[in-house]
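Same order as they appear, the protein sequences are chains A, B and C. Residues in the first sequence are numbered from 1277 upward in steps of one, following our numbering. Residues in the second sequence are numbered from 866 upward in steps of one, following our numbering. Residues in the third sequence are numbered from 29 upward in steps of one, following our numbering. Glycine included, C-beta positions come from ideal geometry on N, C-alpha and C.
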Amino acid sequence: MIRLESVYAGYGGGDVLQGVDLDVRQGSITCVVGPNGAGKSTVLRTISGLLRPRAGQIRLGDQPIHGRSPAAVIAAGVVQVPQQDGLFGRLTVRDNMLLGGYLIRRDKARLRRRMAELAEAFPIIAERARDKAADLSGGQRRIVEFARALMTEPSLVLLDEPTLGLDPKTCQTVFETTKAIHALGATVLMVEQNVRFGLKLATDGVVMERGRVLLAEPATDLLARPDIAAMFFGATATT
Amino acid sequence: MATVTLLLQTLILGLLAGGVYALMSSGFTLVFGVMKVINLAHGAMIVLAAFLTWWVWDRTGLDPLLVGIFLSPVMGAIGWLLYKTVIARVQRADWELTLVASFGVAVAAGGVMALVWGAEGHAATPSYFTTSFELGPLVVPQAQLYACVGAVAMLAALHALLRGTFLGRAIRASAANRDSAALVGITVERTMAAMFAIGAATTGFAGAALSVLYQFVPDSHYRWIGLILCVVILGGLGSFLGAGLGAGILGVSEALTSSYVDARWATAVPYVLIIVVLLVRPQGLLGGRVRADGVPA
Amino acid sequence: MTAARARRAVIAGLILLVALVPVFTPDTYIHNLLILTFVVAVTASGWNIVGGFTGYVSLGHGAFIGVGGYTGGVLAAHWDVSPFLVAPLGGLAAALVALLLGLATRKTRGAAFVIVSYAMLELLGLVTRNWSGVTGGSQGFLMPLPSWDVRFQNWPFYYALFVLVLLSIGMTVAIRRSKLGLGLMAIRDDEDKAAGVGVRTAVYKSIAFMAGAVLVGVAGTVYGYYVSTLSVGTMFDIVLSMQVVLAALVGGRGTVWGPVLGAFLVVSLSELTNTTLGGTDAGAFRLIMFGGLLLVVVLLLPKGILPTVGNLLEHRRRGDTASPTGTRLEDTPLPPAPARSGTAPSTSDLLRVTDLTMRFGGVTALDQVTMAVPRGSITALIGPNGSGKTTVFNAIDGTYAVTSGSVTLAGRPITGLGRAQRAHAGVGRSHQLPRLFDSLTVVENVAVATGEFRLAGLVRSAVSGAEAARAAELLEFVGMGAYLQARAGDLSYGQRKLVELAQLLMLDPDVILLDEPAAGINPTLRARLTALIRALNDSGRTFVIIEHDMHFVLSLADRAVVLARGRVLADGEPDEVRADPAVLEAYLGADLAVGADR
């Protein structure tokens, strides 16, 4: 569904991505894991248009989206839930949800319909509509973020470390919500620190290291590898 | 005058002056709070609006405050132009140079005003210019009161804009986190330009109020930007509530100094407060943590 | 004749020309123009020391003219002497006010400082006006009338100010070439980093502020005498302050001759506006021109004329702009490691962090972290993202003040020391994104790292003698020996890392903290870095290295400390730590009981 070819990208201080080749299957839940500094979040930022790749291509279907503005990428159907500060703490839950529909704000009917549909799927949106987002717990915020990402009915959802800072119980909710999004027809590309969680949830797994893709396998196969821990501590995994 | 009466009168005049200061600072606070840009030309825009108001009133006799309302879109357009040509370009470079550039604009604007209207003092003097309401022994100048009411209305309108419209939400989101705002599809640059224009639009009514309340000359913009900086620094850069608080404190401090110390020292108050606050509590009364260079952390 | 000699000849010629103007012509109009130019030139040069070298942009520098003018005038009247005699006191007064302003920079920098400087100008003007008993207030203050031959009316003023201009230039040159100047420019580029390499920023700034004001104050007295009536409007004029900033920016911030050139331009343009667009509107046109010019300079020519021209000429001379590209490091052998100076301290644990807790707002970034770094070891500090590793470094080198806990170096507690003091005590630290002083050359970057502070040492030449040799040696060691004169801002990422390493070695630290040294660099450089660290370690230096690249760090380290969520999770030999299930869990993530069937 989305393909990266030889993507090089960085922040002015050296390239973080040093030739990424990645192919995400339509309808999959693909999880990217790898040690810190591997460039996982940078891949998502580059896809979303926050970072312009120095070289390489990113295609959504047959449409090139590399180098396009974040708004254009969202309009193409790709929405990201960032690692942190995605929700605007000083704004209410309702305001946050409305902002999720920023690009469809002129279509009032559609906006209202989406708000209602998502409030039904995620009751917390209606319950805490008038509360400031910062007043919700970490897990509740995550749910609102997920729901917000769906306002424009995207075909590809990017999740950047969805379990960061969450307790095990809330991780279960993240698990279920991600499955739910997937069931509604969206493809999910996620990056996860918690390797076991990510690979249990995903259908496809990808390992990145030092700005490159090392392995791409079905998630269950990857999780079953005995040398998976070693990959983080110095031994390069054998293909 | 009896001591209590003097005190109360001083407080009333101080608070009314504070209301006017709050009016003058509202646009500046909006721009600083969201974009962290210090626009030293804000005072010059207010004086320009005052001149324009006076000019229209002089020719047509229309109520100055009404003229001010119509001036708002004009000032807004000027602000948008200023943003596109100057502010957006300098911001990318250097913080301090943004200040220097906006200062250049202020000085040049002062020159233009002197050219067009000359250097003598002006004031728009509608009927209520010199009349006052009386509350027992206390005097409440009418013009000041109207300006205060205007200030409250202006701040309420800005507040409503920020809370109730998509533009307002986009502005607040962009101020909170540019990347996250971009990730919901907000074009941050355009939002910033719109917000700068809104901040400029406030100078329309503020300038009209100025024309009614005080005499002004082209060089008045130095005094006004000093007052505005003081209000914003006192209250905590970027918060409307803070600006209101800061304005009140400044107004009352000036009035108290005038009544109890010496009228001549009243004009020094804003500068003293600026220096004291920046040295002792740079984040102001309500501001959050602030780095040493005045950029909110 | 070489370019430098030609330049010097031209300058000497111009100076002579200007010096002889009163001899050639009695036209007081020209004298007046030049006198004004001199005043602006002296003030702009002074501004340049504070705003150009040190980086503190002031919109109120003209206030020092006022301080000097009034101090000199009042004292001259009081003691009944010629103002020329008390002019130095005017300078002293200005220096004292500048010192106070400089002290304010502890809390205010950048934009806040600009505002404070403006407020100071206005406030001083108001105080002077209100203190009318002494200063004459709005009436003005009459200076004594000149007592000499009317034919040479302007000569004393002319030459006094001319001499002051020459002195200002001389002072600027001296500062530019000295250690003081180097330190100031480092402060301008990155004040916190300057403290981190041992520059006593508070002292340097105080000196800079005073130097930037003293000659201006003297000029103020002379100028006040010249205009013969002191008034708050002319002596504390915001337009003068603005002209000064304009002059320095147009001519070239941070150069020696830029402010002087700028002064000539600004005053000439001002005069041009006066004569061509004369009449009552002249003042207004002047303002438009100044404001507009300020705008144009900031937008289009921010470096100023001299540096821009200088760059163009240099490009022409060099051909294409050759920015330093990486050497083939694997081809060059590793030079011997530089020797340690001084005796090694005797304690076995070099660095000890005890119960270190850091709280920011509601977040506890570090919770009772305790670790001991043995002398001569290479300790790896690892852990998942956000575990607090860089915060530990910041607590050790003094960037952050600890909430509670202590840090001792060689048995001596350093928790209370400032950043520069810790650098002197033996803490060297590199940053994730290498921080250098971009406008300085590579060798200057290393030489600016100073050891113990000596006031007299400030006047010595910036890069000379033993220090220069040592800097060159260190740069040779890290492999940057061919780039001594390259501008730090032009270097590649990898090269910056190497220079930063040389920089921290300059202070001969006992413990070296490296923050993600291997991040973002190619394998060749990574191998080189490994070799460098090993060589330095063999010669007796202790390392603590934060890294995510486990290949790199665990092959080097003899000990590893694992941090997770602000707490120490494990501490021991790398192989033990690798196999520790708690550590694996921290990296792989908790084995949560999650599943679709729940």
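Comparing C-alpha distances from C:LEU258 to each of C:LEU564, C:MET508, C:GLY168, C:LEU62 shows the shortest one belongs to C:GLY168. Sixteen is the threshold: when 16 or more other Cβ atoms of the shown chains lie within 10 Å of the Cβ of C:THR407, as they do, the residue is buried. By the Cβ criterion, the region 287-303 of chain C is not in contact with the region 240-248 of chain C, since fewer than three pairs of Cβ atoms, one from each stretch, lie closer than 8 Å. In the three-state reduction of the DSSP assignment, B:PHE897 falls in the helix class, which pools H, G and I. In the DSSP assignment, A:LEU1387 falls within the alpha helix (DSSP H) that extends over 1384-1397. Rounded to whole angstroms, the separation of the alpha carbons of A:SER1324 and B:GLU1054 is 17 Å. Considered as a whole, the region 1064-1140 of chain B harbours 1085-1100, 1105-1121, 1128-1131 as its complete alpha helix (DSSP H) runs of no fewer than 4 residues, in chain order. With at least 16 other beta carbons inside 10 angstroms of its own, C:ARG606 counts as buried. At a Cβ-Cβ threshold of 8 Å, B:LEU1144 and C:LYS135 count as neighbours.
Assignment of beta-bridge partners to B:HIS1024 by DSSP yields no partner. Burial state of C:ARG33 is exposed, judged by a 10 Å Cβ sphere holding fewer than 16 other Cβ atoms. Under the 8 Å criterion on CB atoms, A:ALA1395 is classed as non-interfacial with respect to chain B. Taking a contact as a CB-CB distance under 8 Å, the pair C:LEU212 and C:ALA236 counts as one, their CB atoms being some 5 Å apart. With a threshold of 16 other beta carbon atoms within 10 Å, B:PHE1061 meets it and is buried. Your pair C:ALA490 and C:ARG228 does not check out as a contact, with CB atoms roughly 16 Å apart and the cut at 8 Å. A:THR1454 and A:LEU1477 do touch by the CB rule: their CB atoms are close to 6 Å apart, below 8 Å.
Annotation: B:GLY1149 is outside any beta strand (DSSP E) and is labelled neither H nor E by DSSP. Take C:LEU526, set aside five residues on each side of it, and the residues of its chain with a beta-carbon closer than 7 Å to its own are VAL506, GLY507, MET508, in chain order. Within the region 1293-1321 of chain A, the residues whose Cβ lies closer than 7 Å to some Cβ of chain C are PRO1311, ASN1312, GLY1313, listed in chain order. Nearest CB-CB separation between A:ILE1350 and chain B: below the 8 Å threshold.
Close to A:ASP1361, with beta-carbon spacing below 9 Å, are these residues of chain B in chain order: ALA1041, ASN1042, ASP1044, SER1045. In the three-state reduction of the DSSP assignment, C:SER110 falls in the coil class, being assigned neither a helical nor a strand state. In the DSSP assignment, C:SER434 falls within the beta strand (DSSP E) that extends over 432-437. In this structure, DSSP gives C:ARG281 a state outside helix and strand, which the three-state scheme calls coil. With its beta carbon less than 8 Å from one in chain A, C:TYR521 belongs to the interface.
The count of Cβ pairs closer than 8 Å, one atom from the region 573-584 of chain C and one from the region 409-417 of chain C, reaches three, so the stretches are in contact. Between the region 1304-1321 of chain A and the region 1464-1474 of chain A there are three or more inter-stretch CB-CB distances shorter than 8 Å, so the stretches are counted as touching. If you ignore the 5 residues before and after C:GLY165, its C-beta comes within less than 6 Å of the C-beta of ARG157, all in its own chain and listed in chain order. One Cα belongs to B:GLU1119, the other to C:LEU113, and the distance between them is close to 41 Å. A:VAL1308 places its beta carbon 8 Å or farther from that of A:MET1427. In terms of beta-carbon proximity, B:ILE877 stays away from the interface with chain C, with every pair separated by 8 Å or more. In the DSSP assignment, C:MET578 falls outside any beta strand (DSSP E) and within the unbroken alpha helix (DSSP H) covering 578-584. B:GLY926 sits exposed, since fewer than 16 C-beta atoms from the chains shown fall within 10 Å of its C-beta. The alpha helix (DSSP H) runs of length 4 or more contained entirely in the region 1443-1495 of chain A are, from start to end of the chain, 1444-1459, 1471-1477.
Around the beta carbon of B:ALA867, fewer than 16 other beta carbons lie within 10 angstroms, which makes this residue exposed. For B:PRO1006, no alpha helix (DSSP H) run applies; the uninterrupted beta strand (DSSP E) run containing it begins and ends at 1003-1006, by DSSP.
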